[in-house]
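Q: Just so we're on the same page, the working numbering is the position in the sequence shown counted from 1, plus 259. All C-beta atoms in this analysis are idealised placements derived from N, C-alpha and C, irrespective of residue type, glycine included. Mind looking over this structure? Questions follow.
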Amino acid sequence: MGMGANCAQLHIADGEALDGAELRQSPVPQGLWPESGSEARDEERRSGPWGGPLHGAPFPPLHTLSAAPGAFLVPFFISIVLCGVPLFVMEVSIGQYLNTGGIGIWNLVPMFKGVGFASMTMIGLSNIYYIVLIAYTLYYLVASFHSPLPWEQCGNEWNTERCLGIRENLSSLADRNLTAAQAVSSVKEYWENNVLGITNGLEEVGSLRPELALYLLLAWFLVYIVIWRDHLVHGAVPVSHPFILFIRGVTLEGASEGLLYYLRPDWSKLRDPRVWIAAGTQVLFSYGIGIGANVALGSYNKYNHNFYRDSMIVCTICSGTSLFAGLVIFSVLGHMAHLQGKDVSDVARSGPGLAFLAYPEMVVQLPFAPVWAVLFFLMLIVLGIDSQFCTVEALVTGLVDEFASTLRPYRRLFTLGVVVFQFLLGLPLVTQGGMYIFQLMDFFSASGVSLLTVVFFEIVGFAWIYGAKRIYANIKDMIGFTPNKYFFFCWLFAAPCVIVGMLVFYIAVPEPVTYSDHYVYPWWGEMIGWGMALASITWIPTYAIYYLWNSSGTLLERIKKGVTPQVVPRKAQEGSPTSDESLALEPPTTIVRVLLQEKS
260 MGMGANCAQL HIADGEALDG AELRQSPVPQ GLWPESGSEA RDEERRSGPW GGPLHGAPFP
320 PLHTLSAAPG AFLVPFFISI VLCGVPLFVM EVSIGQYLNT GGIGIWNLVP MFKGVGFASM
380 TMIGLSNIYY IVLIAYTLYY LVASFHSPLP WEQCGNEWNT ERCLGIRENL SSLADRNLTA
440 AQAVSSVKEY WENNVLGITN GLEEVGSLRP ELALYLLLAW FLVYIVIWRD HLVHGAVPVS
500 HPFILFIRGV TLEGASEGLL YYLRPDWSKL RDPRVWIAAG TQVLFSYGIG IGANVALGSY
560 NKYNHNFYRD SMIVCTICSG TSLFAGLVIF SVLGHMAHLQ GKDVSDVARS GPGLAFLAYP
620 EMVVQLPFAP VWAVLFFLML IVLGIDSQFC TVEALVTGLV DEFASTLRPY RRLFTLGVVV
680 FQFLLGLPLV TQGGMYIFQL MDFFSASGVS LLTVVFFEIV GFAWIYGAKR IYANIKDMIG
740 FTPNKYFFFC WLFAAPCVIV GMLVFYIAVP EPVTYSDHYV YPWWGEMIGW GMALASITWI
800 PTYAIYYLWN SSGTLLERIK KGVTPQVVPR KAQEGSPTSD ESLALEPPTT IVRVLLQEKS
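Take a look at the structure:
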């Protein structure tokens with residue numbers, strides 16, 4: 260999914276903050292947000308205008324948007340209302356309530372701890388391929404120090420006879436006996452022939468791209484430095500840059516066609532279940548639902564922090580930034596289509612690398628293009644590293660909290676090990692065929708059926724078994740009031756129905772994995788993808804069986820123990836008086852409760 264940058268990120272506010280390990284070791288844990296409201300202000304600074312959703316705004320979900328952008332926006336915002344915002348609030352509240360990571364929260368429903376391990380698997384896989392986008396951006400940043408920009412014109416060693424420079428007129432094609440349909444933009448040839456050196460398919464992995472491997476190493480080094488220093492680098496991002504690009508984009512010739520293509524709904528496409536699946540899974544991924552990042556964010560809050568207010572601010576900004584990023588991109592695509600004499604839909608069919616066609620095209624249109632290119636790609640790198648920092652920290656927090664006695668004393672060394680390990684796993688993605696591997700991971704590892712399955716069991720575990728009423732009681736104890744009943748309805752009914760519907764459509768209407776609409780993955784490639792999906796999903800039944808096998812008593816007694824919270828309220832751990840009565844509430848009225856009460 261579009262590494263839709265990060266509603267769901269763990270942000271450390273400005274000023275001094277405890278190290279993650281020091282926080283967990285403190286007898287009275289303190290939040291990493293030193294000032295009231297600093298979480299929201301920090302998130303707002305980073306979210307606007309492009310730093311918002313998890314893995315998303317700098318590199319929006321163009322491979323899903325490009326198919327039917329106008330139709331995509333309708334289910335996209337419906338999914339935000341019914342799933343994105345309610346589940347975001349639920350995850351942050353549970354993380355703040357328990358002060359632990361994405362695995363430890365499942366002590367609320369011990370038998371479901373496999374969901375936590377599945378989340379860590381998904382976020383680990385997403386870390387491997389998302390950072391490759393930062394490596395690409397580093398490549399463009401270095402290239403931007405040349406004037407003219409190397410993707411601006413033809414005549415380079417990577418260009419072909421079909422190349423059409425950005426400032427060339429279509430009439431120049433006649434001298435080469437080419438039509439507009441046969442022409443290839445100099446921006447696209449720079450991307451595919453020079454940056455990627457792309458092969459013909461997954462069958463041809465090709466050789467390692469040394470420059471990309473070096474930039475991948477540099478990206479991971481920067482991420483580790485940010486983690487080691489416990490500070491983000493968002494302050495380096497001037498928020499004016501995207502707005503300048505937006506203003507320039509909408510004034511380009513042909514931009515209106517791109518904007519209409521983006522905003523005008525194609526109601527006939529709404530009958531296509533694939534559009535709904537793409538929109539729903541993009542919302543879940545861009546909001547960080549199901550991968551443990553929101554939980555990590557909440558766990559660093561003080562117990563009485565008003566996360567509810569912050570969540571509303573964050574989700575609003577994230578939705579707005581996703582829409583804004585699309586406006587910028589499709590204004591440029593309209594201009595590109597106009598120059599090439601093609602339909603916008605044809606230009607938009609360029610796969611997950613579409614951002615690296617639209618953004619470079621945009622900066623060339625500005626005066627002093629190399630200067631703007633350097634500033635713009637530097638901004639994308641900063642936002643990308645912020646996003647990667649948050650997801651790596653969420654992975655480390657989840658594992659360190661779960662295996663505290665072993666890992667906590669060596670947190671920074673363990674973090675280094677995670678960084679090195681994920682860098683090595685990412686090297687195949689910077690080969691000549693790496694983009695095909697990227698697309699495969701993007702399709703299977705942390706989206707689609709794996710993400711939908713994990714989120715469904717998360718809803719079952721928290722809203723149905725632990726109980727929505729208990730979550731409301733937790734929230735009231737933390738912030739003094741309960742959210743609107745709308746959240747209760749979404750947790751218990753709307754969200755699970757939407758998730759199940761998408762799962763059914765996903766299985767009933769299988770979609771072949773393709774790249775740029777011209778390459779269809781072989782069957783064995785899809786099997787590799789399903790293997791990545793199952794790597795997370797299988798944790799759920801495997802751990803449940805393991806838990807029941809190692810528990811004592813009859814089967815029903817083991818199940819009852821497995822769905823009974825085994826936690827001490829956070830305020831009790833801190834030695835503070837608490838009015839939290841959530842654990843004394845009756846279990847929710849579900850099939851599980853009825854079964855246990857009748858048989859016990």
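Let me make sure I understand the geometry here. Which of W487, A402, L518 and G551 has the alpha-carbon closest to that of G717?
A: Per the sequence shown, residue 717 should be read as Glu rather than Gly. Of the candidates W487, A402, L518 and G551, the one whose C-alpha sits nearest the C-alpha of E717 is G551.
Q: Compute the distance between the beta-carbons of S378 and A705, then report whether it is under 7 angstroms.
A: No, these two residues do not count as a Cβ contact at 7 angstroms.
Q: Exposed or buried, which one is Q698 when buried takes at least 16 other CB atoms within 10 Å?
A: Answer is buried; the Cβ neighbour count reaches 16.
Q: For the pair the region 670-682 and the region 426-443, tell me if three or more CB-CB distances fall below 8 angstroms.
A: Not touching, per the Cβ criterion.
Q: Pull up the DSSP beta-bridge partners for L467, would you.
A: Answer by DSSP bridge pairing, in chain order: T690.
Q: Between which residues of its own chain and V591 is the CB-CB distance below 6 angstroms, once the five residues before and five after are set aside?
A: For V591, where only same-chain residues beyond five positions count, the Cβ hits under 6 angstroms are G508, A617, E620 and M621.
Q: Output needed for F682: all residues of its chain with C-beta closer than 6 angstroms, excluding positions within five of it in sequence on either side, in chain order.
A: Cβ within range, chain order: W479.
Q: Are there any heavy atoms of the ligand MG lying less than 6 angstroms away from the beta-carbon of L637, as far as the coordinates show?
A: Among the ligands in the structure shown, none appear at all, so the ligand MG cannot be discussed.
Q: Name the two residues that bound the continuous alpha helix (DSSP H) containing S515.
A: Note, S515: alpha helix (DSSP H), A514 to L522.
Q: Which residue's Cα is closest to the Cα of Y399: F752, F746, F636 and N743?
A: When only C-alpha atoms are compared, the closest one is F636.
Q: So, S795 versus G539, is the Cβ gap smaller than 7 angstroms?
A: No, the Cβ-Cβ distance between S795 and G539 is not below 7 angstroms.
Q: Quick one: what does DSSP say Y731 is sitting in, helix, strand or coil?
A: In the structure shown, Y731 sits in a helix (DSSP, three-state: H, G or I).
Q: Quick check: the region 457-477 against the region 683-691, are at least 3 beta-carbon pairs closer than 8 angstroms?
A: Yes: the two stretches touch, three or more of their Cβ pairs being nearer than 8 angstroms.
Q: Report yes if the C-beta distance between Y521 and G585 is below 7 angstroms; otherwise report no.
A: Cβ distance < 7 angstroms, so Y521 and G585 count as in contact.
Q: Using only the alpha-carbon positions, how far apart do I232 and R667 sit?
A: As shown, the chain starts at 260 and ends at 859. That puts residue 232 outside it, with no answer to give.
Q: Tell me which residues share the same chain as E785 and place their Cβ nearer than 7 angstroms to its Cβ, disregarding the 5 neighbours each side in the sequence.
A: Taken in chain order, the residues that qualify are V772.
Q: For D736, count neighbouring Cβ atoms within 10 angstroms of its own Cβ and tell me buried if that reaches 16, exposed if not.
A: Buried.
Q: Let me know the alpha helix (DSSP H) ranges lying completely inside the region 369-432, each 4 residues or longer, listed in chain order.
A: Segments of the alpha helix (DSSP H) lying fully in the region 369-432: 372-402.
Q: To the nearest angstrom, how far is the alpha carbon of G373 from that of A803?
A: Their Cα atoms are separated by approximately 7 angstroms.
Q: Pick from N436, E427 and D434: whose alpha carbon is nearest that of S444?
A: Among N436, E427 and D434, the Cα nearest to that of S444 is on E427.
Q: Bridge partners of T773, per DSSP?
A: In the DSSP output, where bridge partners are listed per residue, T773 has V779.
Q: Anyone know if the C-beta pair for R670 and V679 falls short of 7 angstroms?
A: Going by C-beta atoms, R670 is not nearer than 7 angstroms to V679.
Q: Could you work out which residue in H405, S709, D525 and P742 is closest to N565 when comparing CA atoms only?
A: Among H405, S709, D525 and P742, the Cα nearest to that of N565 belongs to P742.
Q: Helix, strand or coil: which one does DSSP assign to V714?
A: Reduced to three states, the DSSP call for V714 is helix.
Q: Who are the near neighbours of M700 in its chain, counting only those whose CB is closer than 6 angstroms to its CB and skipping five residues on each side?
A: For M700, where only same-chain residues beyond five positions count, the Cβ hits under 6 angstroms are Y388.
Q: Does the Cβ of P781 have 16 or more other Cβ atoms within 10 Å, making it buried, or fewer, making it exposed?
A: Looking at its Cβ environment, which holds fewer than 16 other Cβ atoms inside 10 Å, P781 is exposed.
Q: Indicate the three-state DSSP secondary structure (helix, strand or coil) for V444 in the structure shown.
A: It is Ser, not Val, that sits at residue 444 in the sequence shown. It is a strand residue.
Q: Would you say V779 and C342 are within 7 angstroms of each other, going by their C-beta atoms?
A: No.
Q: Quick check: the Cα distance between Y483 and V401, rounded to an integer number of angstroms?
A: Distance between the alpha carbons of Y483 and V401 is about 21 angstroms.
Q: Cutting at 8 angstroms between CB atoms, please list the residues of its own chain near W487, excluding the five before and the five after it.
A: Excluding residues within five positions, the ones whose Cβ falls inside 8 angstroms are R671 and T674.
Q: If we ignore side chains and look at the alpha-carbon of each, how far apart do W723 and L751 end up?
A: Going from the Cα of W723 to the Cα of L751 covers about 7 angstroms.
Q: Using the Cα positions of P755 and G363, report the straight-line distance between them to the nearest angstrom.
A: Going from the Cα of P755 to the Cα of G363 covers about 23 angstroms.
Q: Are V368 and G720 close, meaning C-beta to C-beta below 7 angstroms?
A: Closer than 7 angstroms, so yes.
Q: Residues in its own chain within less than 6 angstroms of G657 by CB, not counting five upstream and five downstream?
A: Hits under 6 angstroms: G360, G361, I362, M379 and G551.
Q: Cα separation between F583 and Y806?
A: So the alpha carbons of these two residues sit roughly 46 angstroms apart.
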